[in-house]
Each structure stands twice: as structure tokens, then as C-alpha cells.
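Residue numbers (the working numbering): 3 to 249. All residues carry an ideal CB built from backbone N, CA and C; glycine is no exception. Here's the structure we're looking at; comments come further down.
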Ligand code: ADP
Ligand code: MG
């Protein structure tokens with residue numbers, strides 16, 4: 003077995019035992035004193051659908067940034083896909099991020115490119131051959147219900163449509179994990195439900211899905227695992243949980 007194969011096998015074994023996302027006693031401080039995350043431990047296994055809830059400032063986005071390796075934990079360990087993110091060399095970060103799809107509240111589309119280009123761009127970055135891009139992009143746009151809008155610019159689309167473009171872009175490289183930080187924060191209830199239904203379908207096809215949200219109605223209706231953060235700590239973690247309103 004080559005060194006590379008051995009490492010892959012070790013990662014697979016780690017995932018089986020500890021999850022595809024594993025936080026062990028993780029704290030993150032931006033400055034001396036108060037911690038944005040305070041001694042958080044958490045295991046999420048492949049194929050799970052998990053909501054992260056909590057009031058503003060409770061550390062939800064900090065957790066997402068740690069998982070993306072945008073930030074490094076002040077103490078404790080973060081493993082994603084079996085990679086120890088503290089030890090991950092800088093040159094390996096792009097390869098690591100390819101296994102992750104991400105969507106944000108504010109969509110973050112390229113405003114001067116059309117829908118097709120916004121999605122194709124994600125494939126060009128990872129050097130997908132042109133022929134595959136021309137096959138993959140229409141397929142993923144159809145999945146999110148935007149087959150007819152491929153020539154539109156973001157400003158010609160509703161918020162719900164823009165978020166579906168962002169979702170298509172996040173999924174086109176077939177990530178193992180989808181991270182969504184308040185994906186429905188700028189959407190009306192109907193569009194919020196459409197996005198959540200898509201996230202559920204994506205999860206049903208095998209992708210691990212982690213959704214940060216404030217939408218208590220959706221959380222309560224969907225009966226998924228719910229992890230609640232309060233001032234940087236996990237205060238509850240329930241299978242088929244509900245939104246605990248602290249406001
Ligand atoms: P949430 O996403 O749950 O609203 P965040 O993870 O964004 O919470 O923030 C958690 C805490 O960390 C808050 O007290 C926030 O003010 C602080 N914080 C977040 N980002 C920074 C930063 N870049 N610099 C300093 N403090 C930050
Ligand atoms: Mg946030």
C-alpha cells in the first residue's frame with residue numbers, strides 16, 4: 003500500500019469511528035477573554051441532516067468557518083472528512099474545500115455573469131474538462147428547477163432563484179458535505195420551504211447536510227437532529243428536535 007492509500011484508509015477509519023465532522027473540546031477566541039466557541043464537542047456521521055440553531059452571536063458562523071478551515075481553533079481538534087484541520091498544510095486547503103459545498107444568506111453570486119456561468123465557474127476552478135462542464139451544469143440546474151433560466155443574470159432573478167443558483171454552484175462538484183449558513187435568511191416563507199425541500203433531497207441522495215438557521219417553523223416541522231448553541235456552548239443536541247426559543 004502506498005503512503006497515500008494508507009492515509010486515505012486512516013481517514014476512512016476515523017470517519018467510521020468519529021464522524022465526517024468531529025469537534026473535540028473546541029474553543030475559538032477572536033481576542034483575549036470571551037470565547038466565540040467554548041469547549042464544543044460534536045460528532046456528525048455521513049448522511050446526517052443537522053440543524054444548528056441559537057440566538058445571534060452564539061457561535062454558529064464561527065463553527066461553520068472552522069469547518070471550512072477559514073479559521074483555526076484556538077484549542078481542541080476539528081476533523082472534517084477525517085482530515086485534522088490544524089495539521090492540514092496550506093497547499094492542501096483547496097483540495098480539501100472541494101469536498102465541501104457552501105451556501106450563505108447573501109447568495110454571493112457573480113453579478114456580471116449569467117446563471118450558467120456562475121455554476122460553470124465552480125467547475126472551471128477545479129479544472130473539470132469542458133465536455134463534463136457542458137453536461138453537468140444543465141443537469142444540476144434542472145435539479146434545482148432553473149433549467150429555463152440559464153441565461154439570466156442574478157439581478158433578473160428572485161431571491162429564491164438566486165439561492166437556488168448558489169445551491170447548484172455548491173453542488174456541481176459533488177461535495178460530501180453541504181454547509182449552509184442561514185440559507186433562508188433573506189427569503190420569504192415559500193422560497194424558504196423550497197430551499198429546505200431541496201436540501202432534504204440533496205441529503206436523501208447521500209450528502210451530509212449542516213444547516214444554520216433562525217427559522218423555527220421549518221426546524222420544528224422537519225424533525226431533524228437539532229443542535230442548539232448558547233454563548234458558544236452546546237446546550238442541547240436532539241434527534242428529531244425542536245427550536246428552543248430563548249429570545
Ligand atoms: P452567530 O453566527 O451565531 O451569530 P458568530 O459565530 O458570528 O455568531 O459570533 C460569535 C461571537 O464571536 C460573537 O460574540 C461575535 O461578536 C464574535 N465574533 C465573530 N466574528 C468575530 C471577529 N471576526 N472578530 C471578533 N469577534 C468576532
Ligand atoms: Mg452567523
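{"Query": "Any non-hydrogen atom of the ligand ADP closer than 8 Å to residue 210 Cβ", "Result": "no"}
{"Query": "Backbone CA spacing between residue 98 and residue 180 [nearest angstrom]", "Result": "13 Å"}
{"Query": "Member of 50, 210 and 60 whose CA lies at the smallest distance from the CA of residue 240", "Result": "50"}
{"Query": "Any chain D beta carbon closer than 9 Å to residue 51", "Result": "The displayed structure is made up of one protein chain only, and chain D is not part of it."}
{"Query": "Residue 231 CB to nearest heavy atom of the ligand ADP below 8 Å", "Result": "yes"}
{"Query": "Residue 237, DSSP secondary structure in three states", "Result": "strand"}
{"Query": "Identified DSSP bridge partners for residue 227", "Result": "52"}
{"Query": "Beta-bridge partners of residue 80, as assigned by DSSP", "Result": "25"}
{"Query": "Any non-hydrogen atom of the ligand MG closer than 8 Å to residue 183 Cβ", "Result": "yes"}
{"Query": "Continuous beta strand (DSSP E) stretch holding residue 45: start and end", "Result": "39 to 46"}
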